[in-house]
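What follows is a set of notes on a single structure, which appears directly below.
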Amino acid sequence: MTTHTDQDSSVRSSIHVAVPPERAFEVFTSGIDTWWIREHHLLPGELKEVGIDPHEGGRLWEQNDAGEVCAWGRVLTWDPPRTFAFAWLIGTDWQPPAPDAPSSRVTVTFTPTDTGTQVDLVHDRLDAHGPGWPGMRASVAGEGGWPTLLQRYGAAV
Amino acid sequence: MLEALGDGTRRTIFELLAAGPRSVAQIADDLPVSRPAVSQHLKVLKEAGLVSATAMGTRRVYAVDREGLAAVRAYFDRFWHQSLAAFAQAAEKAAEEKP
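First to last, the sequence lines map onto chains Z and L. Sequential numbering of the first sequence, starting at 1, is according to our numbering. Sequential numbering of the second sequence, starting at 1001, is according to our numbering.
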């Protein structure tokens, strides 16, 4: 896995998985609830489910244990099993966003290889969110989440 | 940028600064690290664009740089690194269960 950051308003991250593109696309999209990191949610309470409406213009949404639903993204490209792109609506306040909130863009491409699928993710137009990132503290805290997951990943492959 | 936050002590310093601006001495008081070592870590964080320094009298006070994009990029760098690792685990687990 590699993660590379340009000196601009984008972030790139890639990973190779030992499954065909069809499976990789399916797990990334309709299976998002199986891998989404549970600490990342906007609504109060516990995160119950994360989902994606499987068509252009569809929502990326989360539901909490109280049954409340919040859309935090909008599907821009739905082209299985090659390309999935969505508008990321969550701003620097890390609050449930308005439908017309300024958005950055996440593009995920699935490229077949001899042994599986190369998954390349580009999150660009980050400057749309403006300066400041008060919510970043939790993310950099490194309280087990990030290093632990990497260890688990290393053990799994 | 990942390298800048890859060190445990630097990450702790960055977390302290995310809670509010501090001087080198204040950071050193809170951590089992010498002032010169704190200064060295701050230099790396500053070069990565993650923190900035302001002179207040004779002291320099460091704070998370919220003006630049660096902090936003650092956030998503870690976010996607972590998320893709979890995704890969789920994808390969699904493949084992449903070959």
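Even glycine gets a Cβ: it sits at the ideal position worked out from N, Cα and C. Given the structure is predicted, the values throughout are model-derived calculations rather than measurements.
For residue 128 (chain Z), the CB contacts under 7 Å within the same chain, skipping 5 residues up- and downstream, are 102, 103 and 104 in chain order.
Under the 8 Å Cβ criterion, the segment 110-128 of chain Z does not count as touching the segment 53-60 of chain Z, having fewer than three qualifying pairs. Of the residues assessed, residue 30 (chain Z) falls on the exposed side of the cut-off, its CB having fewer than 16 other CB atoms within 10 angstroms.
Look at residue 1078 (chain L) here: in three-state DSSP terms it is helix.
Cβ-Cβ separation between residue 1017 (chain L) and residue 1051 (chain L): approximately 6 Å, consistent with a contact (criterion under 8 Å). Residue 71 (chain Z) has its alpha-carbon roughly 13 Å from the corresponding atom of residue 91 (chain Z). By the neighbour-count criterion, in which 16 or more other beta carbons inside 10 Å mark a residue as buried, residue 1034 (chain L) falls on the exposed side. Contact annotation: residue 1059 (chain L) and residue 1053 (chain L) have beta-carbon atoms that are not nearer than 7 Å. Residues of chain L with a Cβ closer than 8 Å to the Cβ of residue 123 (chain Z) are, in chain order, 1076 and 1080.
Residue contact with chain Z for residue 1010 (chain L): absent (no Cβ-Cβ distance below 7 Å to any residue of chain Z).
L:1021 is the residue among L:1021, L:1007 and L:1014 whose C-alpha sits nearest the C-alpha of residue 1062 (chain L). Distances from the alpha-carbon of residue 53 (chain Z) to those of Z:38, Z:32, Z:42 and Z:113 put Z:32 closest. Scanning chain L for C-beta atoms nearer than 7 Å to the C-beta of residue 50 (chain Z) yields nothing, as the closest lies near 11 Å away. The shortest CA-to-CA distance from residue 1092 (chain L) to any of Z:11, Z:10 and Z:34 is the one to Z:34. For residue 1022 (chain L), the nearest beta carbon of chain Z is not closer than 7 Å to its own beta carbon. A distance below 6 Å between beta-carbons, with the five flanking residues on each side excluded, links residue 126 (chain Z) to the following residues of its chain, in chain order: 9 and 104.
For residue 1047 (chain L), not one C-beta of chain Z is nearer than 7 Å to its own C-beta. For residue 1063 (chain L), the enclosing beta strand (DSSP E) starts and ends at 1059-1064. Taken through DSSP and simplified to helix, strand or coil, residue 32 (chain Z) comes out as helix. Between the beta-carbon of residue 75 (chain Z) and that of residue 56 (chain Z) there is about 5 Å, and that keeps the pair under the 8 Å contact cut. Each of Z:36, Z:11 and Z:22 was checked against the Cα of residue 1089 (chain L), and the nearest Cα belongs to Z:36. Each residue's CA atom was taken as its position, placing residue 82 (chain Z) and residue 1038 (chain L) some 47 Å apart. Within chain L, no C-beta atom comes nearer than 8 Å to that of residue 41 (chain Z); the closest sits roughly 13 Å away. Listed by position along chain Z, the residues whose Cβ is nearer than 9 Å to that of residue 1061 (chain L) form an empty set, because the closest Cβ is around 18 Å away.
For residue 1034 (chain L), the three-state secondary structure derived from DSSP is coil. For residue 1035 (chain L), no Cβ of chain Z is located within less than 7 Å of the residue's own Cβ. Here residue 1005 (chain L) has 1011, 1014 and 1074 as same chain residues with Cβ atoms under 7 Å from its own Cβ, once five neighbours each way along the sequence are excluded.
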